[in-house]
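2 protein chains.
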Amino acid sequence: MVTISDVAKDAGVSVSTVSYVLSGKRPISATTRERVERSISSLGYHPQASARALASNRSSALALVVPLRRDVIVPVIMQFASGVVVTARTHDHDVLLMTQDEGAGGLQRVSGSGLVDALIVMDVEAQDPRVEVLRGLRQPAVLIGLPDDPRGLGCVDLDFAAAGRVLARHLAEHGHRALALLGPSPAVYDRGTSFATRFLRGYQQAAEEEGVRAVAHACEPSFAGVAAWLDRVESELPGLSALVVHNEAALAPLLSVLSARGRRVPEDLSVVALCPADVAVSFPVPLSAVEIPAATIGELAVEMVLDQLEGRAQPSVRLLPPEFHERASCGPAPRPATPRPRRSRATARMGS
Amino acid sequence: MVTISDVAKDAGVSVSTVSYVLSGKRPISATTRERVERSISSLGYHPQASARALASNRSSALALVVPLRRDVIVPVIMQFASGVVVTARTHDHDVLLMTQDEGAGGLQRVSGSGLVDALIVMDVEAQDPRVEVLRGLRQPAVLIGLPDDPRGLGCVDLDFAAAGRVLARHLAEHGHRALALLGPSPAVYDRGTSFATRFLRGYQQAAEEEGVRAVAHACEPSFAGVAAWLDRVESELPGLSALVVHNEAALAPLLSVLSARGRRVPEDLSVVALCPADVAVSFPVPLSAVEIPAATIGELAVEMVLDQLEGRAQPSVRLLPPEFHERASCGPAPRPATPRPRRSRATARMGS
DNA sequence: TTGAAAGCGCTACCAG
DNA sequence: CTGGTAGCGCTTTCAA
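Protein chains in written order, with my numbering: chain A, 7 to 358; chain B, 7 to 358.
Put into structure tokens, the structure is as follows:
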């Protein structure tokens, strides 16, 4: 194994000079630098990560904690993780992959052992017990999600409230006067996952502002679940002409069930969703949808956490604006709109 | 920060004793061990990873290289990665996440810098340039996939040939005499990805043995691609009554197109696939399918690579047997089988 | 602009 | 069964 002193010897300089050539932390004459670099590549020298970390007290690694639950949208996780890894590499950092099930203890372990310089934690819930632990660590952290009390921690996420607003408003502007939100499975609400609630609030707020009737219910992502959900909202809301879907896994069953019942999209029923682009275009009629900018969130998380690490910035909360993509699943309301009241009461609630 | 000598002082023993308590590499009296452990937890001591790695020349980390291409099946990758991380943790190892795009240089970097003790590389192609690089590294490696020349490297993968055989044979046993294989997109074959070819060979072999007619064509996973594929095989193979799908992304379009054309599954056409269980059950008619045991492959990869690291085993190739799950998409051939020839010529080829 | 050398915290060898 | 201690390969301060 070739070490820094092998390089120093070969180049006829001191060890510290080689180190400074590598780090750029002090000026080096062009000729010296060149000699050193020649030796480095001719010897095939690679600085040893552990020695560097020990001496500098920096690991050049970030921890990334990903969820494993079955109700997460796997492709979104992957996009996000890719964004993190690629961005980390452009800042000369590596990524240590951890799973949710290591829990708070895992965070303490990697932090305490100095394995990483900073942490990025996905899928953080409103009352996540890990939040308090993260606040107590030596290393900075950025969360994907928005806990109730984010003090001291960076947060990045889609602005779910704005996403809910955008979708509801879009339907209202197409003349729809009665909307239904197909929400995530009940388990997601039970867990107190804040994004579901934020989306719902945005949806309700826009519906109210636009003066349209709107219901919302959680939905199990299966054929049976979707069928039951449909029965319920159709009986609950006569004149229903548009759906907002915040449940990726329910999309396929939903569209199957609709087609089986002879309800055409968008002629009979408009559908808009929050889902990745590739999912949106995987149906016979491409879905108008808001996307989760997962890769961007990943990049941003890395940049925020490194800014905190270098003292360039304080922890802050960043909610990214939703991007709506119009495709083919949203049309005008089928029946001429009934005379629009100046200010109708919006009804929106999230039942079980 | 609390160090090993703080613990030694607190417990009234030497640092080496603390070290040996931690590693268990030499006998320690019960009383000493207890005192040391008490000090460790009362001081909240965490051994520093970098110092340990420097002194022991072991990082206790594995590199995991995941693909980023759009034609990979993301959930399978995730299952696999989870299996790797969880298993690595049970063996006291962490996982460094790398992306495909770091290429051979990335492998050399993490290897040369001693960041990891071993490497696991996913999605390895028949003529993958990384194979030669991996062979030259100091650390052992295990590949997911099967390159043409795997000498010196461990390999784990599904036995794709057996999977192709199982599916074709299953259909033949249900009386189907004319089969079509809907393969991955042409890009996959062009890339020389060995799993596609292995699956195809197994399918062809079983068809020949069973004396059934069988065609095979690559297919773009889109509505247009699937429709064109269907037109082609139906005109090419009169009496076609069963499909084998080796293209997860094409499943949804395929089933939509079939339903739009009034072809019922399984009454008019039987369909079997190679896909994850959750995908198989996400359609109106649950698909009989072979699954990729991704989590198992991940576990196995970790165990194999650690066995190599510890000198407990030589690099070897392990192909896991396919597991077929009967669901609802496969029925008997619709028309009574034509008199079965003793040994008919099977036709199977993979056109563009 | 460069060199010398003191650690960083741990492991594992050598002694006892 | 336990202690002392020489490194592991690098960074960074102090000195020149």
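Idealized CB from N, CA, C, for every residue including glycine. If you're wondering where the values come from, they're calculated on a predicted model, not measured in any experiment.
Go ahead and pull the three-state DSSP assignment for Leu261 (chain A).
helix
Give the interface partners of Pro73 (chain A) over in chain B, defined as CB-CB distance under 7 Å, in chain order.
Within 7 Å Cβ-Cβ: nothing; Pro73 (chain A) doesn't reach chain B, min ~10 Å.
Measuring only the C-alpha atoms, how far is Arg219 (chain B) from Arg171 (chain B)?
Looking at the two C-alpha atoms, the distance is approximately 14 Å.
Quick test of the definition: if touching needs 3 or more C-beta pairs under 8 Å, does the stretch 147-160 of chain B touch the stretch 220-240 of chain B?
Segments in contact, no.
Answer with yes or no whether the minimum CB distance from Phe86 (chain A) to chain B is below 8 Å.
With respect to chain B, the C-beta atom of Phe86 (chain A) has no partner C-beta closer than 8 Å.
Name the one or two DSSP bridge partners that Val72 (chain B) has.
B:Thr105
Contained alpha helix (DSSP H) runs [length at least 4] in the stretch 90-134 of chain B, N- to C-terminal order:
109-118
How would you call Arg32 (chain B), buried or exposed, if buried means at least 16 neighbouring beta carbons within 10 angstroms?
Label assigned to Arg32 (chain B): exposed.
With a threshold of 7 Å, establish whether the CB of Arg238 (chain A) neighbours any heavy atom of the ligand HEM.
What this structure holds is no ligand at all, so the ligand HEM is not there to describe.
How big is the Cα-Cα spacing for Arg39 (chain B) and Gln145 (chain A)?
31 Å
With a Cβ-Cβ cutoff of 8 Å, do Ser191 (chain A) and Cys225 (chain A) count as a contact?
Between Ser191 (chain A) and Cys225 (chain A), the C-beta spacing is below 8 Å.
Between the stretch 97-120 of chain A and chain B, which residues of the former have CB atoms less than 9 Å from a CB of the latter, in chain order?
Asp100, Val101, Leu102, Leu103, Met104, Thr105, Asp107, Glu108, Gly112, Gln114, Arg115, Val116, Ser117, Gly118, Ser119, Gly120
Residue from B:Glu216, B:Leu159, B:Gln85 whose Cα sits closest to the Cα of Met310 (chain B)
B:Leu159
Looking at the C-beta of Val42 (chain B), does it have a partner C-beta in chain A at a distance below 8 Å?
no
Between the C-alpha atoms of Gly6 (chain B) and Leu306 (chain B), what's the straight-line distance to the nearest angstrom?
Given a span of 7 to 358 for chain B in the structure shown, any question on residue 6 (chain B) remains unanswerable.
Per DSSP, which residues does Val21 (chain B) bridge with? Please list them.
Beta-bridge pairing links Val21 (chain B) to no other residue.
Ala339 (chain B) and Gly181 (chain B): beta carbons closer than 8 Å?
yes
Label Glu254 (chain B) either buried or exposed according to how many other C-beta atoms from any shown protein chain fall within 10 Å of its C-beta, with 16 as the threshold for buried.
buried
So, with DSSP's three-state summary, where would you put Gly189 (chain B)?
coil
From which residue to which residue does the beta strand (DSSP E) around Ser65 (chain A) run?
That residue, Ser65 (chain A), is in no beta strand (DSSP E); it is neither H nor E in DSSP.
Taking 7 Å as the limit between beta carbons, can you name the residues of its chain near Ser20 (chain B), skipping five residues before and five after?
Ala14
Just to confirm my understanding: we take Ala202 (chain B), look at its own chain, exclude 5 residues before and 5 after, and list those with CB closer than 6 Å. What are they?
Around Ala202 (chain B): Pro190, Val194, Tyr195.
Please confirm whether Ser56 (chain A) has its beta-carbon closer than 8 Å to some beta-carbon of chain B.
Nearest CB-CB separation between Ser56 (chain A) and chain B: below the 8 Å threshold.
With DSSP run on the structure shown, which of helix, strand or coil describes Gly160 (chain A)?
strand
Pairwise C-alpha distance: Ser241 (chain B) and Cys336 (chain B):
22 Å
Euclidean distance between Cα positions of Asp274 (chain A) and Ser247 (chain A)
7 Å
For Ser47 (chain A), which of helix, strand or coil comes out of DSSP?
helix
Indicate the three-state DSSP secondary structure (helix, strand or coil) for Ala148 (chain B) in the structure shown.
Before going on, a small fix: residue 148 (chain B) reads as Val here, not Ala. Note: Val148 (chain B) maps to strand in three-state DSSP.
Measure the C-alpha to C-alpha separation of Ser65 (chain A) and Ser25 (chain B) and round it to an integer number of angstroms.
22 Å
To be precise: take each residue of the stretch 176-187 of chain A, compare its Cβ to all Cβ atoms of chain B, and keep it if any distance is under 7 Å. Which residues remain?
Within the stretch 176-187 of chain A, no residue has a Cβ that lies closer than 7 Å to any Cβ of chain B.
Applying a beta-carbon distance threshold of less than 9 Å, which residues of chain B neighbour Ser335 (chain A)?
Within 9 Å Cβ-Cβ: nothing; Ser335 (chain A) doesn't reach chain B, min ~14 Å.
Closest by C-alpha distance to Leu28 (chain A), when choosing among A:Ala17, A:Ser11, A:Pro53
That would be A:Pro53, whose Cα lies nearest to the Cα of Leu28 (chain A).
For Thr23 (chain A), count the other beta carbons within 10 Å of its own beta carbon; 16 or more makes it buried, fewer makes it exposed. Which is it?
buried
CB contact below 8 Å: Val126 (chain A) versus chain B:
Note on identity: in this sequence residue 126 (chain A) is Ile, with Val being the wrong assignment. For Ile126 (chain A), the answer is no, since every Cβ of chain B falls outside 8 Å of its Cβ.
My understanding is that Val101 (chain A) touches Leu102 (chain B), with C-beta atoms under 8 Å, so please give their C-beta distance in whole angstroms.
7 Å
Residues sharing a beta bridge with Arg324 (chain A), DSSP
A:Val162
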